[in-house]
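Residue numbers (this note's numbering): 57 to 117.
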């Protein structure tokens, strides 16, 4: 049975930049600065415009 890849680590590498290391060995780097600003009603990532969303995050051990 195939298993979905898992996130091994996610590191903040710069202002609004995140680097995600997957169990497959791949690394995904993204810049979230385009998500900052007034939320658009049709935006599927609307919650990411709210700083309170990030306060809820925690690290798994």
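Don't be surprised by glycine CBs; every beta carbon is placed ideally from N, CA and C.
### Task
Report the option in 72, 65, 100 and 103 whose CA atom is closest to the CA atom of residue 82.
65
#### Entry: From 63, 108 and 71, residue whose alpha carbon lies closest to that of residue 87
71
#### Entry: In DSSP terms, what residue 84 is bridged to
76
### Under the three-state DSSP convention, the category residue 108 falls into
helix
### Task
Please classify residue 60: does DSSP put it in a helix, a strand, or coil?
coil
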